[in-house]
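Trainee: One structure coming up, written as structure tokens, with questions to follow.
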Amino acid sequence: MDLDETDLRIVRELQSDGRLTYETLAQRVGLSRPAARMRVQRLQESGAVRVVAIVHPAVRDLSASAHLAIDTEGPAGPAARAIAALPEAPFVTLTSGRRAIMTELRTAGFGALDRTIEQIRALPGVRAVDALVATRHVKDPYLLTREPTVSTLDAMDERILAELEEDGRLAFAELAARVGLSAGATRARTLRLLEGGVAKVVALVRPDVLGMGYLCGFSLRVDGAAADIAERVATFERVTFLSTCLGGAELVGTITAESFAAVRTTLEEMRELPAVREVESWLHLELIKERYDLGPRTD
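The sequence shown begins at 0 in numbering that gives the first Met the number 0 and counts up one residue at a time.
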């Protein structure tokens, strides 16, 4: 899908706030309200953009997360699709480099994390699994970094969140009809959840749509405090995700760039940092799954 400059401006606005009203969006990009609405609907219907609510992991009791690098015997596709079927795996890609598959896991505690890793190790075709256990998400385009201020959710809150996880731009009237409340009550509850950090409504956009079709993962071994170097790396414009971690590296992250040259430049900038001892990188070749609205199994 070809996007013009106005489309790109709309996408950037929705990445910051997926529930911007059409009126506000129209004012910011210089369109009429009907024209803004039509463009947003076209972007969503094309599959280039999904606007969804992403619930804070703490709300779902997803207190443990890890980045896995997985090697396979034979083709990696079948194993990647089997991993993608796990609700604990919101992100799965086929990659170049030392390992064939990269995945992110989010689970309810470290016991569940260990069981899920063992389940992946037992999948047909999986030969080796390396795990980096996240200690802090330093930079994440989809998640609020602060902890939620709303501590308790009732069944109605959960119903509202479930609807917004499927369509983050549902109008309050439509949302109210689906959950069985008045529009006013629905609006009040929704704003409480969003302003309290329980969830964030964002636009999930294919990087190629924005002309940023080159995704490179990286891990860093560093000397000294990982937190200090993490804050520096997080300032790099093309670094879109970054976590501190335990395991074979101190930092793991993602570069989203417009060209191989831009990827190379960013990696070189990391190598120039005095505290960086080792850089490993890989290219994300095919996105198998990116869905952050699925909680862990309850069985």
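Ideal Cβ placement from N, Cα and C applies to all residues, glycine included.
#1: Measure the alpha-carbon distance for R220 versus V125 and round it to whole angstroms.
#2: For the segment 204-282, which segments carrying the alpha helix (DSSP H) assignment without a break, of at least 4 residues, lie completely within its bounds, in sequence order?
#3: Name the residue from T239, A202, P123 and A226 whose alpha carbon lies nearest to the alpha carbon of C215.
#4: By DSSP, does T151 sit in helix, in strand, or in coil?
#5: Spatial neighbours of G96 within its chain, please: C-beta separation below 6 Å, excluding the five flanking residues on both sides.
#6: F90: buried (16+ other C-beta within 10 angstroms of its C-beta) or exposed?
#7: Excluding sequence positions up to five away, which residues of its chain have a Cβ less than 7 Å from the Cβ of E285?
#8: With distance defined between alpha-carbon atoms, name the residue in R270, F217, L266 and S258 nearest to L250.
#9: Measure the alpha-carbon distance for Q312 versus T243 and round it to whole angstroms.
#10: Alpha carbons only, please: which of Q43, L2, L152 and T5 is nearest the one belonging to G17?
#11: Hey, out of A133, L272 and H283, whose CA is closest to V256's CA?
#12: Could you name the residues of the same chain whose beta carbon sits closer than 6 Å to that of E87, not counting the 5 residues immediately before and after it, in chain order?
#13: Can you say whether F109 is buried or exposed, counting buried as having 16 or more other CB atoms within 10 angstroms of its CB?
#14: Can you check whether the CB of R186 is closer than 8 Å to the CB of V149?
#15: Helix, strand or coil: how does DSSP classify V10 here?
#16: State buried or exposed for D6, treating a residue as buried only when at least 16 other CB atoms are found within 10 Å of its CB.
#17: How many angstroms separate the CA atom of R158 from the CA atom of Y141?
#18: For A198 versus K138, is the C-beta spacing smaller than 8 Å?
#19: Buried or exposed for E146, please, with buried defined as at least 16 other CB atoms from any protein chain shown within 10 angstroms of its CB.
#20: Is R49 helix, strand or coil by DSSP?
#21: Residues in the same chain with beta-carbon distance under 6 Å from R36, minus the five sequence neighbours each way, listed in chain order, please.
#22: Please confirm whether V128 and L163 have their CB atoms less than 8 Å apart.
#23: If you compare alpha carbons, which of A224, T189 and R80 is closest to P273?
#24: Starting from A62, follow its DSSP beta bridges and name the residues at the other end.
#25: Is the segment 201-208 touching the segment 44-57, taking contact as three or more C-beta pairs under 8 Å?
#26: Would you kindly work out how many angstroms separate the C-alpha atoms of E230 and E165, rounded to a whole number?
Mentor: Let me lay it out:
#1: For the purposes of this step, residue 220 is identified with residue 221 of the sequence shown, where counting begins at 1. For the purposes of this step, residue 125 is identified with residue 126 of the sequence shown, where counting begins at 1. C-alpha separation (whole angstroms): 26 Å.
#2: 225-232 and 259-270
#3: What you label residue 215 is simply residue 216 of the sequence shown in a count that begins at 1. Closest by alpha carbon: T239.
#4: Numbered from 1 along the sequence shown, position 152 holds the residue referred to as residue 151. Coil, per DSSP.
#5: Along the sequence shown, read from residue 1 onward, the residue named residue 96 stands at position 97. Within the same chain, G96 has close Cβ partners W281.
#6: Along the sequence shown, one-based indexing puts residue 90 at 91. Buried: at least 16 other Cβ atoms inside 10 Å.
#7: On the sequence shown, position 286 is the one that residue 285 refers to. Closer than 7 Å at Cβ, skipping near neighbours: T92 and L93.
#8: The residue labelled residue 250 in the question sits at position 251 within the sequence shown. Cα-wise, what sits closest to L250 is F217.
#9: Lying before the first or after the last residue shown, residue 312 is absent from the chain, which here runs from 0 to 298.
#10: The residue given as residue 17 occupies position 18 in the sequence shown. Of the listed residues, the one whose Cα sits closest to G17 is Q43.
#11: Numbered from 1 along the sequence shown, position 257 holds the residue referred to as residue 256. The sequence given here has Ala at residue 256, not Val. Taking only the C-alpha atoms, the option nearest A256 is H283.
#12: Residue 87 sits at position 88 when you count from the first residue of the sequence shown. Result list for E87: L104, T106, T115 and P295, in chain order.
#13: To locate residue 109, count along the sequence shown from 1; it is residue 110. Label assigned to F109: exposed.
#14: Working through the sequence shown from its first residue, we reach residue 149 at position 150. Working through the sequence shown from its first residue, we reach residue 186 at position 187. The answer is no: Cβ separation not under 8 Å.
#15: Residue numbering aside, residue 10 sits at position 11 when the sequence shown is read from its first letter. If DSSP states are grouped into helix, strand and coil, V10 belongs with the helices.
#16: The count along the sequence shown starts at 1 and reaches residue 6 at position 7. Buried: at least 16 other Cβ atoms inside 10 Å.
#17: Here residue 158 refers to the residue found at position 159 of the sequence shown. Here residue 141 refers to the residue found at position 142 of the sequence shown. Answer to the nearest angstrom: the Cα atoms are 21 Å apart.
#18: The count along the sequence shown starts at 1 and reaches residue 198 at position 199. The count along the sequence shown starts at 1 and reaches residue 138 at position 139. Taking 8 Å as the Cβ cut-off, A198 and K138 do not qualify as a contacting pair.
#19: Along the sequence shown, one-based indexing puts residue 146 at 147. Exposed is the call here.
#20: For the purposes of this step, residue 49 is taken as residue 50 along the sequence shown, with counting starting at 1. It is a strand residue.
#21: For the purposes of this step, residue 36 is taken as residue 37 along the sequence shown, with counting starting at 1. Y21.
#22: For the purposes of this step, residue 128 is identified with residue 129 of the sequence shown, where counting begins at 1. For the purposes of this step, residue 163 is identified with residue 164 of the sequence shown, where counting begins at 1. It is not a contact, given that the beta carbons lie outside the stated cut-off.
#23: As a working note, residue 273 is residue 274 in the sequence shown. Checking every option, the nearest Cα to that of P273 belongs to A224.
#24: Position 63 of the sequence shown holds residue 62. Reading off the sequence, residue 62 comes out as Ser, not Ala. For S62, which the question treats as bridged, DSSP gives no partner whatsoever.
#25: yes
#26: Here residue 230 refers to the residue found at position 231 of the sequence shown. Here residue 165 refers to the residue found at position 166 of the sequence shown. Those two C-alpha atoms are separated by around 33 Å.
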